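Below is one structure; the comments refer to it alone.
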Amino acid sequence: MISGGNDNELMSEINVTPFVDVMLVLLIIFMVAAPMMTQGVDVALPEAAAGSLARDDDEPFYVTIKGGGEIFINDFPVDSDRLRPKLTALLKERPGTRVFLRADKSISYGTVVRTMAEIKGAGVEKLGMVTEPLETK
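See below:
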């Protein structure tokens with residue numbers, strides 16, 4: 023506020039330009055960094071026409087079979103012969119937790135069924151299959 027020559031008056035306006043500049047820079051940094059924060063196992067899921075399941079409060083486990091046959095529990099690699107003991111140990115800590123199976127569409131049906139048998143053998147009661155939504159043309 024410009025006064026008429028009296029230097030004893032206080033200026034009561036706030037300059038928000040530096041604040042806006044800092045906020046825009048932070049916005050750009052977060053927009054660039056956000057896609058890099060996504061993690062997971064890259065797998066080409068098959069497509070199917072099915073609805074989504076209702077969500078529970080408990081976070082499920084994801085068992086993933088990649089195209090080369092590698093198996094993961096969530097994002098951690100597991101040998102196929104260690105899948106059942108690892109899932110058994112995890113389910114002792116969190117009984118009743120759902121498990122979702124994600125398998126690359128190039129994986130043979132037999133491999134998927136064997137993995138499902140190992141998962142069920144570990145005591146999993148709720149097993150779901152993850153697919154991509156079917157594209158309608």
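Every position in the sequence shown, counted from 1, becomes a number in the working numbering once 22 is added. All C-beta atoms in this analysis are idealised placements derived from N, C-alpha and C, irrespective of residue type, glycine included. The structure displayed is predicted, hence computed values, not measured ones.
Taking buried to mean at least 16 other C-beta atoms within 10 Å of its own C-beta, is residue i buried or exposed?
i	result
I93	buried
I87	buried
L105	buried
I36	exposed
L109	buried
E81	exposed
A125	buried
Going straight from the alpha carbon of residue i to that of residue j, what length do you get?
i	j	result
P57	L49	13 angstroms
P117	I95	16 angstroms
A55	V152	28 angstroms
E147	F52	40 angstroms
Locate the beta strand (DSSP E) running through residue i, then write down its first and last residues.
i	result
M151	L149 to M151
How many whole angstroms separate the CB atoms of residue i and residue j, which I take to be in contact at a CB cut-off of 8 angstroms?
i	j	result
F83	L112	6 angstroms
At what residues does the alpha helix (DSSP H) containing residue i begin and finish?
i	result
A139	Y131 to G143
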